[in-house]
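Written below as structure tokens is the structure these notes are about.
In UniProt numbering, the protein residues as written are 1 to 579.
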């Protein structure tokens, strides 16, 4: 067994279930080793798409995903997707072959490249250390919730394992795991991690016995209008947050990436920030205490700080101490797992006393419940339908799709002027159904995002929401959808240009020839790849979507929506303020 084969075997033994990539000479053997040991390999048409597929798979599955690329250009092609994953703290392991000859045309400083975009870098040093090096990189991605680039030098890949290393691989494959536990014990010191390596148990974890917990309990007990904002770090903690919210009378909101986390709760305000409904914005601004649970309070979640009143106290709970207070000043930071912190604070508060009957404290008055029921969704907000003879209002389009598509859905959204419509008007059943790869704000990632999400959750209908610019950027991955047999719905909001730039610069009289384009037959392009396709110019055209949904859904569907283009989206100027 050589080093390349060992890396694939070790990762399979550690539980990796899916890898994405484009295969070249440098990653051919490691990719085949992954497949040989039971890892599903998804071949993308471009490394940028492969990286985003892996990112989305990790987000939706809760597992470490693997990206495997060719040396040099394979890594640089994947760089935008890797940057998005790193900024989003996605547990992603990138297998990056590395040339060792200084005269190779593939020669670049891969370590500097990875670190420049926020990823962490590791290297397999030799055949003797391959097991330790691979396991440590995997655990750093898993436990550190980070993106790790594992450099695989080409000359090292070809080395034959010594007997001791070969036996360690066989032990891992056999499930005995001796090498795994030995290396795991060394991860914190080697990688600077500050959390326990052992799996979570029912016992109170380290870091939850500090003075911050009683302070948080007191602040919640004193609050009259608390609001909980759940971020991606709150996944899996809905029950605990709802129980604590019931105890203190809190309303619930989420960051955009955690949309759906409290779906179905009568106290759910949906998304906080630029996508917040008028009612959500009003009630969040009126809060006297806002607690972010696994939420980093970025400018998007707080509308550049305007969504939280100056006198409101702010608490942030996060597993990563370096995340506390980064984006805005906070009154209290608590380092800890969201679920365990919520449990611990609830225990400190004890049983409700007189006057603290469930559902009557804090913001939970009957009139608030009534307003949320009547005004809590964007479709409840009246609007003037701007549809014309040849173009449909994107709000009308999205409400129609929301009514037609099954509730058991996954929604993946690309970036662009259109992005708020699916984010605000399409509902999702829970916090594991919305995949929002927007930390880097790159267009062109949405289709690949939907593919990775669909591979992770084949039990749900994947819906990709794209602009025409992003759709054409990632168009090669339409073939991947067809090849994988994914019964996906791809919705293209087509305004014949880069709408964000059109509406940002157009009112100032700048020429727009660089950001507007002649009409493209995106439906025809999709049919060429093997899709079914419908063009939607008016609400009645959605009947084609209804027909496809009846079955057999043996081919994916592309909805080419010619949307109105004369007005900007209302979140656009806020977005440009963050550039």
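Glycine included, C-beta positions come from ideal geometry on N, C-alpha and C.
Could you tell me the distance, in whole angstroms, from the CA atom of residue 57 to the CA atom of residue 457? On the chain shown, residue 57 is found 57 positions in, with the first residue counted as 1. On the chain shown, residue 457 is found 457 positions in, with the first residue counted as 1. The straight-line gap from Cα to Cα measures roughly 8 Å.
Are the CB atoms of residue 293 and residue 234 within a distance shorter than 9 Å? Locating residue 234 in the chain shown gives position 234, where the first residue counts as 1. Locating residue 293 in the chain shown gives position 293, where the first residue counts as 1. Yes, these two residues count as a Cβ contact at 9 Å.
Bridge-paired residues (DSSP) for residue 252: To locate residue 252, count along the chain shown from 1; it is residue 252. Bridge partners of residue 252: 228, 268.
Write down the C-beta distance between residue 439 and residue 412 rounded to the nearest angstrom, noting that I regard them as a contact closer than 8 Å. Locating residue 439 in the chain shown gives position 439, where the first residue counts as 1. Locating residue 412 in the chain shown gives position 412, where the first residue counts as 1. Their Cβ separation, rounded to whole angstroms, is 14 Å, which puts residue 439 and residue 412 out of contact at 8 Å.
Please classify residue 178 as buried or exposed, where buried requires at least 16 other C-beta atoms within 10 Å of its C-beta. Reading the chain shown from its first residue, position 178 is the one you call residue 178. In this predicted model, residue 178 has a pLDDT of only 49, less than 50, meaning its place in the structure is not dependable; the value taken from the coordinates is given anyway. Taking all protein chains shown into account, residue 178 has fewer than 16 neighbouring C-beta atoms within 10 Å of its C-beta and is therefore exposed.
Beta-carbon separation (whole angstroms), residue 122 vs residue 133, contact threshold 8 Å: As a working mapping, residue 122 is identified with position 122 in the chain shown. As a working mapping, residue 133 is identified with position 133 in the chain shown. That belief holds up - the Cβ atoms of residue 122 and residue 133 are roughly 7 Å apart, short of 8 Å.
Assess, as a yes-or-no matter, whether the segment 413-433 is touched by the segment 248-264 under the definition of 3 or more beta carbon pairs within less than 8 Å. Yes, the segment 248-264 touches the segment 413-433.
Check whether the segment 552-566 and the segment 492-502 touch, using three or more Cβ-Cβ pairs below 8 Å as the test. Yes: the two stretches touch, three or more of their Cβ pairs being nearer than 8 Å.
Use the C-beta contact count for residue 151: other C-beta atoms within 10 angstroms, 16 or more gives buried, fewer gives exposed. Numbered from its first residue, the chain shown carries residue 151 at position 151. It counts as buried.
Suppose you measure from the CA of residue 298 to the CA of residue 325; what does that come to, to the nearest Å? On the chain shown, residue 298 is found 298 positions in, with the first residue counted as 1. On the chain shown, residue 325 is found 325 positions in, with the first residue counted as 1. Looking at the backbone, the Cα of residue 298 and that of residue 325 are separated by about 10 Å.
Could you say which of 72, 38, 90 lies nearest to residue 592 if we only look at CA atoms? What the structure shows of the chain is the stretch from 1 to 579, and residue 592 is not part of that stretch, so it cannot be assessed.
Between the alpha carbons of residue 19 and residue 62, how many angstroms are there, rounded? One-based indexing of the chain shown puts residue 19 at position 19. One-based indexing of the chain shown puts residue 62 at position 62. Near 14 Å, if we compare the C-alpha coordinates of residue 62 and residue 19.
Do you know how far the Cα of residue 465 is from the Cα of residue 541? One-based indexing of the chain shown puts residue 541 at position 541. One-based indexing of the chain shown puts residue 465 at position 465. Rounded to the nearest angstrom, the two C-alpha atoms are 18 Å apart.
From the DSSP output, which residues share a beta bridge with residue 532? Within the chain shown, numbered from 1, the residue matching residue 532 stands at position 532. Answer is 557, bridged to residue 532.
Rounded straight-line distance, which links the Cα of residue 569 to that of residue 279: The residue labelled residue 279 in the question sits at position 279 within the chain shown. The residue labelled residue 569 in the question sits at position 569 within the chain shown. If you draw a straight line from the Cα of residue 279 to the Cα of residue 569, it is about 19 Å long.
Over what stretch of residues does the beta strand (DSSP E) that includes residue 549 continue unbroken? Numbered from its first residue, the chain shown carries residue 549 at position 549. Per DSSP, residue 549 belongs to no beta strand (DSSP E); it is in the alpha helix (DSSP H), 543-549.
What is the DSSP secondary structure of residue 108, reduced to helix, strand or coil? Translated into the one-based positions of the chain shown, residue 108 becomes position 108. Residue 108 falls in the coil class under three-state DSSP.
Alpha carbon to alpha carbon, how far is residue 201 from residue 147? By 1-based counting over the chain shown, the position of residue 201 is 201. By 1-based counting over the chain shown, the position of residue 147 is 147. Bear in mind that the predicted position of residue 201 carries a pLDDT of just 34, short of 50, making it too unreliable to give a figure here.
List the whole-angstrom C-beta distance separating residue 268 from residue 277, where the pair is believed to meet the contact cut-off of C-beta under 8 Å. Position 268 of the chain shown holds residue 268. Position 277 of the chain shown holds residue 277. Rounded to whole angstroms, the Cβ separation of residue 268 and residue 277 is 11 Å, and the two are not in contact under 8 Å.
Hey, residue 362 and residue 264: beta-carbon distance below 9 Å or not? Against the chain shown, residue 362 aligns to sequence position 362. Against the chain shown, residue 264 aligns to sequence position 264. Taking 9 Å as the cut-off, the beta carbon of residue 362 is found no closer than this to the beta carbon of residue 264.
Less than 9 Å between the beta carbons of residue 290 and residue 345, yes or no? The residue given as residue 290 occupies position 290 in the chain shown. The residue given as residue 345 occupies position 345 in the chain shown. In this structure, residue 290 lies away from residue 345, with their beta-carbon atoms at least 9 Å apart.
Verify whether the separation of the beta carbon atoms of residue 348 and residue 217 is less than 9 Å. As a position in the chain shown, residue 348 is number 348, starting the count at 1. As a position in the chain shown, residue 217 is number 217, starting the count at 1. Yes, the Cβ-Cβ distance between residue 348 and residue 217 is below 9 Å.
So, at 7 Å on beta carbons, what are the nonlocal neighbours of residue 383 in its own chain, with the 5 sequence-adjacent residues on each side left out? Sequence index remark: in the chain shown, residue 383 carries index 383 (1-based). Counting only Cβ-Cβ distances below 7 Å, and skipping sequence neighbours, we find 395.
Where do the N-terminal and C-terminal ends of the beta strand (DSSP E) with residue 463 fall, by residue? Start at 1 with the first residue of the chain shown, and residue 463 comes out as number 463. Residues 461-467.
Would you report the Cα separation of residue 51 and residue 369, rounded to the nearest angstrom? Counting from 1 along the chain shown, the entry for residue 51 is found at position 51. Counting from 1 along the chain shown, the entry for residue 369 is found at position 369. Distance from the CA atom of residue 51 to the CA atom of residue 369, rounded to whole angstroms, is 43 Å.
Thinking residue 45 and residue 479 are a contact (beta carbons under 8 Å), I'd like their distance in whole angstroms, please. Taking the first residue of the chain shown as 1, we reach residue 45 at position 45. Taking the first residue of the chain shown as 1, we reach residue 479 at position 479. That pair is a contact at about 6 Å.
Which residues in the same chain as residue 209 place their Cβ atom closer than 7 Å to its Cβ, once the five residues preceding and following it in sequence are excluded? Residue 209 sits at position 209 when you count from the first residue of the chain shown. Note on residue 209: pLDDT 49, under 50, position unreliable in the model; the coordinate value appears next. Apart from sequence neighbours up to five positions away, no residue of its chain approaches residue 209 with a beta-carbon distance below 7 Å.
Three CB pairs or more closer than 8 Å across the segment 523-531 and the segment 374-389: By the criterion of at least three beta-carbon pairs nearer than 8 Å, the segment 523-531 is not in contact with the segment 374-389.
Could you tell me whether the segment 397-409 touches the segment 434-450, using the rule of 3 or more Cβ pairs below 8 Å? The segment 397-409 makes no contact with the segment 434-450; the number of CB pairs closer than 8 Å stays below 3.
Express the C-alpha separation of residue 1 and residue 94 in angstroms, rounding to a whole number. One-based indexing of the chain shown puts residue 94 at position 94. One-based indexing of the chain shown puts residue 1 at position 1. Cα to Cα, residue 94 sits roughly 21 Å from residue 1.
Whole alpha helix (DSSP H) runs in the segment 16-49 with 4 or more residues, listed along the chain? Taken in chain order, the unbroken stretches of alpha helix (DSSP H) that lie wholly in the segment 16-49 and span 4 residues or more are 28-36.
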